[in-house]
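In the working numbering, the protein residues as written are 47 to 367.
Glycine is no exception: its CB is placed at the ideal position from the N, C-alpha and C atoms.
Keep in mind it's a predicted model, so treat the numbers as computed, not measured.
Here the structure comes first, spelled out in structure tokens, and everything after it is commentary.
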Ligand code: NAP
Ligand code: GDD
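Take a look at the structure:
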């Protein structure tokens with residue numbers, strides 16, 4: 047039985063990856079940080095099958111303990127302060143968790159279990175003010191947020207530990223991926239949740255920032271398979287994971303409101319409070335290398351993804367209101 051340690055197990059990706067690895071017969075250990083109110087919402091259906099280890103990415107000693115206890119064949123580092131907007135108000139914390147957290151995890155592996163394979167959750171946010179389109183593995187980084195800068199550190203320290211210590215360490219440069227388990231602050235979920243609430247008479251308007259930003263949005267359930275595939279290769283490498291299609295926030299809003307039979311212009315209000323100090327205007331990934339080398343392709347289209355999320359939110363409120 048293969049053993050895995052997942053950081054960020056309570057998050058969107060952690061929950062899909064844990065589900066996927068459990069189905070493959072892995073013994074799954076999840077790093078879980080202490081919180082005053084326990085939050086297992088995303089993993090409640092598989093909670094009993096996961097062995098939780100208390101720890102924090104900012105605390106190297108806790109990671110060493112976690113690696114000693116779990117003896118993993120594969121480590122997936124998905125934990126992060128992952129909300130871009132908050133990285134301007136909490137830049138130091140973001141650096142400690144999102145950048146140095148990756149270093150701490152690599153150090154723990156180097157010291158305790160050098161043959162463990164390592165996956166780093168790198169991000170298309172590293173491309174920021176893009177210097178070429180579409181973005182691929184060789185596209186230079188130009189991060190536009192403290193979060194993006196922290197992810198660039200996490201990315202390069204992963205490459206560096208691979209080259210310095212011969213660790214089997216890979217970075218997945220994942221473009222935006224969403225699901226009904228997406229956190230409510232992120233724009234897709236904020237929109238699908240609001241469309242459902244407005245349809246059910248629970249909310250009257252939706253306040254948003256930049257409607258012109260373009261993102262390459264895919265389904266999280268598809269993307270965790272690419273993470274796993276990277277760690278099954280003969281040699282460690284880095285891969286872009288994306289759909290190869292891009293849409294504006296306006297397209298997203300229109301798709302969600304159309305699905306509930308409403309005109310979005312009647313409800314959406316632009317609010318400067320949701321504008322960012324520096325914006326990433328356009329993300330569009332080129333997933334050719336992932337297709338060629340991993341045999342990976344996204345299955346869920348943008349339209350089906352947004353409808354899946356709206357339907358989930360309608361059901362959630364329909365049942366409780
Ligand atoms: P998410 O839902 O926000 O989950 C983040 C996870 O990190 C949560 O389980 C959270 O635990 C944990 N965490 C936060 N601070 C921590 C700390 N100090 N120590 C240990 N764990 C900590 O994020 P996601 O969407 O699943 O994304 C997974 C990873 O991929 C993140 O690294 C993100 O930056 C990266 N990424 C995401 C996307 C995307 O579009 N989703 C794209 C590219 C890269 P709590 O439950 O305790 O808060
Ligand atoms: N969150 C949010 N809220 N975003 C808004 C809003 C709003 O009210 N209005 C407009 N937007 C725009 C943002 O300005 C941004 O251009 C776009 O919607 C997407 O924002 P988010 O959903 O917050 O995602 P993100 O692209 O900043 O970051 C996500 O994707 C990255 C990969 O590119 C996160 O998951 C990151 O962790 C991930 O690395």
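Item checked: Collapsed DSSP secondary structure at residue 72 in the structure displayed -> coil
Item checked: Proximity below 7 Å, CB of residue 228 to CB of residue 58 -> yes
Margin query: What would DSSP say about residue 285, mapped onto helix, strand or coil?
Written below: strand
Notebook entry, point to check: How about the segment 48-64 and the segment 110-119: do they share at least three Cβ pairs that are nearer than 8 Å?
Noted result: yes
Margin query: Does residue 273 pass the burial test, meaning 16 or more other C-beta atoms within 10 Å, or should it be called exposed?
Written below: buried
Margin query: Closer than 8 Å is the cut-off here; do at least three beta carbon pairs connect the segment 324-339 with the segment 275-287?
Written below: Yes, since at least three Cβ pairs between the segment 324-339 and the segment 275-287 fall closer than 8 Å, the two stretches touch.
Check: In whole angstroms, what is the alpha-carbon distance linking residue 162 and residue 271?
Finding: 19 Å
Check: Taking the continuous alpha helix (DSSP H) assigned at residue 300, which residues delimit it?
Finding: It spans 295-305 - the alpha helix (DSSP H) in which residue 300 sits, taken as one unbroken run.
Notebook entry, point to check: Apart from the five residues on each side of it in sequence, which residues of its chain come closer than 7 Å, Cβ to Cβ, to residue 268?
Noted result: 344, 345, 346
Check: Would residue 200 pass as a contact of residue 172 if the rule is Cβ separation under 7 Å?
Finding: One thing to note: residue 200 has its Cβ no nearer than 7 Å to the Cβ of residue 172.
Check: Any idea if residue 248 is buried or exposed, counting beta-carbon neighbours within 10 angstroms, 16 or more meaning buried?
Finding: exposed
Note to self: Measuring only the C-alpha atoms, how far is residue 208 from residue 281?
What the structure shows: 11 Å
Check: Taking only beta-carbon atoms, is residue 361 less than 7 Å away from chain C?
Finding: Reference to chain C is not applicable here, since this structure consists of a single protein chain.
Notebook entry, point to check: From this set, 309, 95, 263, 305, which residue's C-alpha is nearest residue 295's C-alpha?
Noted result: Here the closest residue by C-alpha is 263.
Notebook entry, point to check: By Cβ distance below 8 Å, which residues in the same chain neighbour residue 75 in space, the five residues on each side in sequence not counted?
Noted result: Closer than 8 Å at Cβ, skipping near neighbours: 49, 50, 51, 52, 96, 97, 98, 99, 112, 115, 116, 118.
Next item on the list: Give me the Cα-Cα distance between residue 94 and residue 124, rounded to the nearest whole angstrom.
Entry: 20 Å
Next item on the list: Under 6 Å Cβ to Cβ from residue 226, same chain only, skipping five residues before and after it: list those, please.
Entry: Cβ neighbours of residue 226 within its own chain (closer than 6 Å, five residues either side excluded): 355, 358.
Item checked: Where the beta strand (DSSP E) through residue 218 begins and ends -> 215-220
Notebook entry, point to check: Skipping 5 residues on each side, what residues in its chain have a beta carbon closer than 7 Å to that of residue 367?
Noted result: Residue confidence for residue 367 is low, a pLDDT of 47 falling below 50, so the modelled location carries little weight; the figure read from the coordinates is stated next. The answer, listed in chain order, is 246, 248.
Checklist line | Residue from 186, 147, 135 with nearest C-alpha to residue 107 | finding: 147
Checklist line | For residue 208, three-class secondary structure by DSSP | finding: helix
Margin query: Going by DSSP, what residue range makes up the beta strand (DSSP E) through residue 116?
Written below: Here residue 116 belongs to no beta strand (DSSP E); instead the alpha helix (DSSP H) covers 106-116.
Notebook entry, point to check: In chain order, what residues of the same chain lie with their CB nearer than 8 Å to the CB of residue 85, ignoring the 5 residues before and after it?
Noted result: 56
Checklist line | Short Cβ contact (7 Å threshold) for residue 192 with residue 135 | finding: no
Checklist line | Those residues which DSSP pairs with residue 181 across a bridge | finding: 331
Next item on the list: Provide the residue span of the alpha helix (DSSP H) that contains residue 152, from first to last.
Entry: Per DSSP, residue 152 belongs to the alpha helix (DSSP H) from 146-158.
Note to self: Taking the beta carbon of residue 63 as the centre, do at least 16 other beta carbons fall within 10 Å, making it buried, or is it exposed?
What the structure shows: buried
Margin query: Suppose you measure from the CA of residue 218 to the CA of residue 348; what does that come to, to the nearest Å?
Written below: 21 Å
Checklist line | Length of the line joining the Cα atoms of residue 141 and residue 177 | finding: 24 Å
Next item on the list: Could you work out which residue in 166, 216, 330 is closest to residue 181 when comparing CA atoms only?
Entry: 330
Margin query: Buried or exposed for residue 6, going by 16 or more other Cβ atoms inside 10 Å?
Written below: No information on residue 6 is available, as it lies outside the stretch 47 to 367 that the chain covers here.
Next item on the list: Would you kindly report the start and end of the unbroken beta strand (DSSP E) that includes residue 165?
Entry: That run of the beta strand (DSSP E) goes 163-169.
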